[in-house]
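Have a look at the structure below before the remarks.
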Amino acid sequence: MTARFVRSATALAVAAAGTLTWAPTVSAEPYEPTPSASAAPVQTPAPDAGTIEITTKDPAGDALPGAEFLLLDSLGQEAGRGQSDAQGKLTFPDLALGIYRLKETASGSRLHEVVPDQDVIVTPGATTRLSIVDPFKAANVLVQAKDDKTGKLLAGSTVNIGSGDKTLLTLTTGSGGTASGKLPVNTSTGSVFWVKQIKAPAGYHIYESSKEFKAKPGDPVTVTVTHARTATSPPPTEKPSGKPAEKPTAKPTPSQHGADENVPTASVSRTPAADETAPSTAVPAPAGSLAHTGADATPWLIGGAAALTAAGAGALVLARRRRTDNASDGGSTAS
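Structure (structure tokens):
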């Protein structure tokens, strides 16, 4: 039965040979070259391909989805681009051997900063794994120093700002009474900092030694320090010391104008005669005056006349005494 079926099939094939002989030829041609043609582009680069795998997170260890990266080859051409997934992962596969530049173009979060660019080496058949930690944005701190009574902004106030036992910033207020800086924040809810005054403005002393404040990532925060005026500061009227001493405080001396009007001169005190007048002898002729006219001899003449008068008076008194003595002697003889 089987032999009879084979012979029938053979006869049928031979009978139809005129129309079916081309079919095996057509079906065999695409079948034989297909494996070599399709395998060439897939298998050729496989031994030289490498992979870069990125994991993004923040300082707290939480994954950062949506972070955007750009990969450039050694010629600066784009070799890949993508975003991290919900687990913070991103992969660049099938990379040729070489050095690539990885750029983070966005962190995917308003609270985080991007990291600086970095070079990545790709080796054949290996996966290069990178852990990218995007820091929280720094807080912007503004320090202002004020008078505790008037609220006036003060220059020259120096403060330290830190966290824990570390000093992070040292700021000194300028002419406008303010100073600014950036503070690193380690959590999404913010960090606690302390501010301590270490130097007061001129004429003031430190009013508050230290106090605390909280700052969140990327947020501005204003810190106000106050100073009390020192009690020992000199009043404004005492600043020009030494100048009041230059003003005359003593009474006018006889050499000054008008002082000799009330002071008797030596010539007046020596004149015994009543008819002598002070104006003629009070003031001697100053050096450099007009030529002498003979009036300078007047004091000598007056003095001589006074001496003669005194001598005559003395002689008269003496003569009277002698007469009295003689009279007394004659009387005694007559008796």
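Counting with mature numbering (1 follows the signal peptide of the UniProt record, and there is no 0), you get residues -28 to -1, 1 to 307 for the letters of the sequence shown.
Here a beta-carbon is modelled for each residue, glycine too, at the ideal position from N, C-alpha and C.
In this text, all values refer to a predicted model and were calculated from it rather than measured experimentally.
*asked:* Let me check understanding here. Comparing Cα to Cα, which of 63, 198 and 91 lies closest to residue 47?
replied: That would be 91, whose Cα lies nearest to the Cα of residue 47.
*Determine, using beta-carbon pairs with one atom in the stretch 72 to 83 and one in the stretch 27 to 47, whether at least three such pairs fall under 8 Å.*
Contact between the stretch 72 to 83 and the stretch 27 to 47 is present, because at least three Cβ pairs lie under 8 Å.
_For residue 258, the three-state DSSP class (helix, strand or coil)_ = In this prediction, residue 258 has a pLDDT of 47, which is less than 50 and means its spatial position is unreliable; nothing more can be read from the coordinates.
*What do you get for residue 139, buried or exposed, if any count of 16 or more other CB atoms within 10 angstroms of its CB means buried?*
That one is exposed.
_Enclosing beta strand (DSSP E) for residue 165 [first to last residue]_ = 163 to 171 is the span of the beta strand (DSSP E), which, as asked, contains residue 165.
*Which ranges does the beta strand (DSSP E) cover as unbroken runs of at least 3 residues, wholly within the stretch 92 to 116, from first to last along the chain?*
Counting only runs of at least 3 residues, the stretch 92 to 116 fully encloses the following beta strand (DSSP E) elements, listed from N- to C-terminal order: 99 to 105.
*N-terminal and C-terminal residue of the beta strand (DSSP E) that residue 343 is part of*: One cannot answer for residue 343 here, as it falls past the ends of the chain, which runs -28 to 307.
*asked:* Below 7 Å, is the gap between the Cβ of residue 178 and the nearest heavy atom of the ligand FMN?
replied: As far as ligands go, the structure on display features none, and thus does not contain the ligand FMN.
*asked:* Judging by CA-CA distance, which residue of 54, 174 and 106 is the nearest neighbour of residue 147?
replied: It is 174.
*Thinking just about the alpha-carbon of each residue, which of 186, 30, 150 and 55 is nearest to the one in residue 163?*
When only C-alpha atoms are compared, the closest one is 186.
*Under the assumption that residue 117 contacts residue 177 (Cβ atoms under 8 Å), give the Cβ distance between them as a whole number of angstroms.*
With a Cβ gap of about 13 Å, residue 117 and residue 177 do not count as contacting.
*Could you say which of 149, 202 and 172 lies nearest to residue 194 if we only look at CA atoms?*
Residue 149 is the option with its Cα nearest to residue 194.
_residue 60 vs residue 99 beta-carbon contact at 8 Å_ = Not closer than 8 Å, so no.
*Distance between residue 50 and residue 113 (C-alpha atoms, nearest Å)*: Taking the straight line from one Cα to the other gives about 39 Å.
*Return the Cβ separation of residue 123 and residue 144 in integer angstroms, given the expectation that the two are a contact with Cβ distance under 8 Å.*
Not confirmed; about 20 Å, so no contact.
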